[in-house]
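Peer 1: Line order of the protein sequences matches chains A and B.
Okay, so the first sequence: first residue is 25 according to our numbering, each after it adds one.
Okay, so the second sequence: first residue is 25 according to our numbering, each after it adds one.
All residues carry an ideal CB built from backbone N, CA and C; glycine is no exception.
Here it is, the structure, as structure tokens.
There are 2 protein chains.
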Amino acid sequence: MKELKSSVNKTFAILEYFTIQKSEWGVTELADAIGSNKSTVYRFLADLCRLGILYKDPSTEKYSLGLKLFELGSRVQLKSAFVEKTHPELVKVASSITETVHIAILKNQRVFYVDKVESPQGLKISSHIGSSNPAYSTALGKVLLAYLPEENQSQTLSVLTQSPIAYTKHTITNGKALLKELKKIKNDGFAIDREEFELGLICIAVPIFNQNNKVIASLSASGPANRFQEKNVSKYVSTLKKGADAIQEKIGFFNP
Amino acid sequence: MKELKSSVNKTFAILEYFTIQKSEWGVTELADAIGSNKSTVYRFLADLCRLGILYKDPSTEKYSLGLKLFELGSRVQLKSAFVEKTHPELVKVASSITETVHIAILKNQRVFYVDKVESPQGLKISSHIGSSNPAYSTALGKVLLAYLPEENQSQTLSVLTQSPIAYTKHTITNGKALLKELKKIKNDGFAIDREEFELGLICIAVPIFNQNNKVIASLSASGPANRFQEKNVSKYVSTLKKGADAIQEKIGFFNP
DNA sequence: AACATCGTTTCAATATATGAAACACACAAT
DNA sequence: ATTGTGTGTTTCATATATTGAAACGATGTT
Numbered sequence: 025m026k027e028l029k030s031s032v033n034k035t036f037a038i039l040e041y042f043t044i045q046k047s048e049w050g051v052t053e054l055a056d057a058i059g060s061n062k063s064t065v066y067r068f069l070a071d072l073c074r075l076g077i078l079y080k081d082p083s084t085e086k087y088s089l090g091l092k093l094f095e096l097g098s099r100v101q102l103k104s105a106f107v108e109k110t111h112p113e114l115v116k117v118a119s120s121i122t123e124t125v126h127i128a129i130l131k132n133q134r135v136f137y138v139d140k141v142e143s144p145q146g147l148k149i150s151s152h153i154g155s156s157n158p159a160y161s162t163a164l165g166k167v168l169l170a171y172l173p174e175e176n177q178s179q180t181l182s183v184l185t186q187s188p189i190a191y192t193k194h195t196i197t198n199g200k201a202l203l204k205e206l207k208k209i210k211n212d213g214f215a216i217d218r219e220e221f222e223l224g225l226i227c228i229a230v231p232i233f234n235q236n237n238k239v240i241a242s243l244s245a246s247g248p249a250n251r252f253q254e255k256n257v258s259k260y261v262s263t264l265k266k267g268a269d270a271i272q273e274k275i276g277f278f279n280p
Numbered sequence: 025m026k027e028l029k030s031s032v033n034k035t036f037a038i039l040e041y042f043t044i045q046k047s048e049w050g051v052t053e054l055a056d057a058i059g060s061n062k063s064t065v066y067r068f069l070a071d072l073c074r075l076g077i078l079y080k081d082p083s084t085e086k087y088s089l090g091l092k093l094f095e096l097g098s099r100v101q102l103k104s105a106f107v108e109k110t111h112p113e114l115v116k117v118a119s120s121i122t123e124t125v126h127i128a129i130l131k132n133q134r135v136f137y138v139d140k141v142e143s144p145q146g147l148k149i150s151s152h153i154g155s156s157n158p159a160y161s162t163a164l165g166k167v168l169l170a171y172l173p174e175e176n177q178s179q180t181l182s183v184l185t186q187s188p189i190a191y192t193k194h195t196i197t198n199g200k201a202l203l204k205e206l207k208k209i210k211n212d213g214f215a216i217d218r219e220e221f222e223l224g225l226i227c228i229a230v231p232i233f234n235q236n237n238k239v240i241a242s243l244s245a246s247g248p249a250n251r252f253q254e255k256n257v258s259k260y261v262s263t264l265k266k267g268a269d270a271i272q273e274k275i276g277f278f279n280p
């Protein structure tokens, strides 16, 4: 633990090594990766294991993230500075577009619904704040994938297309087709989900940049197919982009 | 921090105070609740806040769980001792019933899909391991609610029915109707979701007891309405119960 | 102005963390 | 069977981080 002094910091520095890509670590290999003494790391792992934050497989003696962390994560209500700042803009967009508006972030190849504002006239949509879907399956996720740096994008795509779920017959689950779609999205500056996630549902999404011009979230409007005419798309995109720009002004360098 | 010695333990003891029911704490009130020195608690909170594990609202100066914990929670792959032990039983049930089988746990009024085995002949279902739904909306969740201790049940029900989502026209969202349904489930020993979560989808679920005879999970079979005839229900329930009994033998006193 | 309350910072004393080394165990090579 | 290698776990003297009482700063009330 070269630079970190407090045990709290050290604890979470250790947990940071447990990713989807490398979810299991032995004591010695983790200590090597961290550049720390083996017995120190062992003691952290053992404590975290007793608490259920980590799980140790008895046969391999490797550690992975445990159920307790999952449970703690499910308590998070996403009522954060980010939501406090963005929610009023969502309300504006929803009243302008008169459809359901979502804001979402990308985490571990999944798109997480961070906030949602329903329009009185809008479709009642089953998405739940805090819930998630594979990123390729919705416009919100596709936009975020489209703006990933190239190094990350191909790795993320290959994970996503390993055993994809086709939610509808329109869902894009093939790597090549998805890559082509992402290039188009990057070029257009917005994404459309044409019943790829749910039959009868159309969704248009735009990227939200922070003040570093880094894409950190996406903003969408969702409604029934019969209401999303091609001629309305540019109007909806324009409104969403106004909302995204207003959010950019508000959130500074926030990077979730 | 009266009894806990290591900082790792202390850190997670603090996080344990942040629940859905009381999600926000000021420094002083948390220190009082813990029975610990105010400045000690402040330093933990400040460190956790810098890491994004907690979020401090600038106006109220109260702390709540932050996005980083959410993100860490979403990395958990639920590949735990529990899943390792139960998965073979799920495979057996799925091949016997020839429908999709799930095992789920109840956390914060939501039912979380912990594992899923699809039968080749079974319906392709959109549920994702790690995803969740409100407990009232599925048979898996209703079973878990039905077996909650009375003290917990009414509180849980009142939270759930505050602003319920009606997934379909069949979803039970009214507190009284739900309570009546739960009594019936407790009496029958199983639950049926008759298109309450998704139109066209039927789900039968039974409780899984651990060796303390405490209900710790539920096991279900899901399929299309046209395949779940009333005359098959008792056969399905019997197979699910055999699976649940076999799981009980395997998991000992496990309590997630 | 004085007082109360909350969050934040300081610093000497103390408790916990650290790392080198030893130990225990499993497996592979000879 | 013996030796060597590698991993995870434990021990103990020393180093370092933590602790708590007290002070400080800010806000609100009387």
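1) If we call anything under 7 Å between Cβ atoms a contact, is G247 (chain A) one with E123 (chain A)?
2) Suppose you measure from the CA of D212 (chain A) to the CA of V257 (chain A); what does that come to, to the nearest Å?
3) Assuming Y137 (chain A) contacts G165 (chain A) under a Cβ cut-off of 8 Å, what Cβ separation, rounded to an integer in Å, is found between them?
4) Answer yes or no: do Y4 (chain B) and F221 (chain B) have a C-beta to C-beta separation smaller than 7 Å?
5) Taking the alpha carbon of Y87 (chain A) as the point to measure from, which residue in A:L96, A:E53, A:Q253 has its own alpha carbon closest?
6) Output needed for H194 (chain B): all residues of its chain with C-beta closer than 7 Å, excluding positions within five of it in sequence on either side, in chain order.
7) Have a look at Y171 (chain A) and L203 (chain A) and give me their C-alpha separation to the nearest angstrom.
8) Label K80 (chain A) either buried or exposed according to how many other C-beta atoms from any shown protein chain fall within 10 Å of its C-beta, with 16 as the threshold for buried.
9) So V32 (chain A) and T64 (chain B) are in contact, right, with Cβ under 8 Å, and what is the actual spacing, rounded?
10) Output needed for K266 (chain B): all residues of its chain with C-beta closer than 8 Å, excluding positions within five of it in sequence on either side, in chain order.
11) Along the chain, which unbroken stretches of the beta strand (DSSP E) at least 3 residues long are found entirely within the segment 184-251 of chain A?
12) Can a CB atom of chain B be found closer than 7 Å to the CB of G199 (chain A)?
13) Rounding to the nearest angstrom, what Cα-Cα distance links C227 (chain B) and V167 (chain B) in this structure?
14) So for M25 (chain A), helix, strand or coil by DSSP?
15) In whole angstroms, what is the alpha-carbon distance linking A159 (chain A) and Q177 (chain A)?
16) Mind checking if I240 (chain B) is an interface residue toward chain A, Cβ cutoff 7 Å exclusive?
17) Tell me, please, whether the CB atom of T35 (chain A) is closer than 7 Å to any CB atom in chain B?
18) Which chain A residues sit within Cβ distance under 8 Å of S98 (chain B)?
19) With 7 Å set as the bound, which would you pick, yes or no: does the beta-carbon of K26 (chain B) sit closer than that to a beta-carbon of chain A?
20) Would you say V100 (chain A) and L114 (chain A) are within 7 Å of each other, going by their C-beta atoms?
21) Is S30 (chain A) close to chain B, meaning its C-beta is less than 7 Å from at least one C-beta of that chain?
22) Leaving out five residues on either side along the sequence, give the residues of the same chain with a beta carbon under 7 Å from the beta carbon of L69 (chain B).
23) Name the residues in the segment 36-49 of chain A whose C-beta lies less than 7 Å from a C-beta of chain B; which are they?
24) Using CA coordinates, which residue listed in A:S182, A:D139, A:I38 is at the minimum distance from A241 (chain A)?
25) Measure the beta-carbon distance from E95 (chain A) to K131 (chain B) and round it to whole angstroms, keeping in mind my assumption that it falls under 8 Å.
26) Within the 7 Å Cβ cut-off, does F94 (chain A) reach chain B?
27) Between L75 (chain A) and chain B, is there a C-beta pair that is closer than 7 Å?
28) List the residues of chain B that D71 (chain A) touches, going by C-beta distances under 8 Å, in chain order.
29) Quick one: Cα of K26 (chain A) to Cα of K208 (chain B), how far?
30) So I189 (chain B) and N234 (chain B) are in contact, right, with Cβ under 8 Å, and what is the actual spacing, rounded?
31) Could you name the residues that DSSP lists as bridge partners for S156 (chain B)?
32) Pull up the distance between the alpha-carbon of V107 (chain B) and that of Q133 (chain B), whole angstroms please.
33) Hey, quick one: how far does the beta strand (DSSP E) through I127 (chain A) stretch, first residue to last?
34) So the beta strand (DSSP E) K80 (chain A) belongs to, where does it begin and stop?
Peer 2: In short, the structure shows the following:
1) Yes, the pair counts as a contact, with Cβ atoms nearer than the cut-off.
2) Computed Cα separation, rounded: 12 Å.
3) Rounded, the Cβ-Cβ distance is 10 Å, inconsistent with contact.
4) Within the shown structure, residues of chain B are numbered from 25 to 280, placing residue 4 (chain B) beyond reach of any answer.
5) Nearest C-alpha to Y87 (chain A): A:E53.
6) Correct list, in chain order: R218, E219, E220.
7) The alpha-carbon atoms of Y171 (chain A) and L203 (chain A) are separated by roughly 12 Å.
8) With 16 or more Cβ atoms within 10 Å of its Cβ, K80 (chain A) is classed as buried.
9) Between V32 (chain A) and T64 (chain B) a beta carbon distance of about 12 Å is seen, past the 8 Å cut, so the two are scored as non-contacting.
10) For K266 (chain B), where only same-chain residues beyond five positions count, the Cβ hits under 8 Å are V117.
11) Qualifying beta strand (DSSP E) stretches, in chain order: 215-218, 225-233, 239-248.
12) Chain B places no beta carbon closer than 7 Å to that of G199 (chain A), leaving this residue out of the contacts.
13) Each residue's alpha carbon lies about 11 Å from the other.
14) Legend: pLDDT at M25 (chain A) = 42, less than 50; position of this residue unreliable, value from coordinates given subsequently. The answer is coil: DSSP assigns M25 (chain A) none of H, G, I, E or B.
15) Straight-line Cα distance between these residues: approximately 12 Å.
16) Not closer than 7 Å to any Cβ of chain A, the Cβ of I240 (chain B) fails to qualify, so no.
17) At least one chain B Cβ lies under 7 Å of T35 (chain A).
18) Chain A residues near S98 (chain B): G97, K131, N132, R134, F136, S156.
19) Caution applies to K26 (chain B), whose pLDDT of 44 falls short of 50 and renders its modelled position unreliable; the model cannot decide the point.
20) Not closer than 7 Å, so no.
21) Chain B contact via Cβ: present.
22) V51, L78, Y87, listed in sequence order.
23) Residues F36, L39, F42, T43, I44, S47.
24) If we check each option's Cα against that of A241 (chain A), A:D139 comes out closest.
25) About 5 Å; that satisfies the 8 Å criterion.
26) With 7 Å as the cut-off, F94 (chain A) counts as an interface residue toward chain B.
27) Under the 7 Å criterion on CB atoms, L75 (chain A) is classed as interfacial with respect to chain B.
28) Ordered by position in chain B, the residues that pass the 8 Å Cβ test against D71 (chain A) are S30, V32, N33.
29) At K26 (chain A), the pLDDT of 45 sits below 50, so the modelled position is not reliable and the matter cannot be decided from this model.
30) About 31 Å separates the CB atoms of I189 (chain B) and N234 (chain B); that is not less than 8 Å, and the two are not in contact.
31) B:F136, per the DSSP bridge assignment.
32) Rounded to the nearest whole angstrom, the C-alpha separation of V107 (chain B) and Q133 (chain B) is 21 Å.
33) Boundaries of the beta strand (DSSP E) around I127 (chain A): 124-131.
34) Here the beta strand (DSSP E) through K80 (chain A) covers 78-80.
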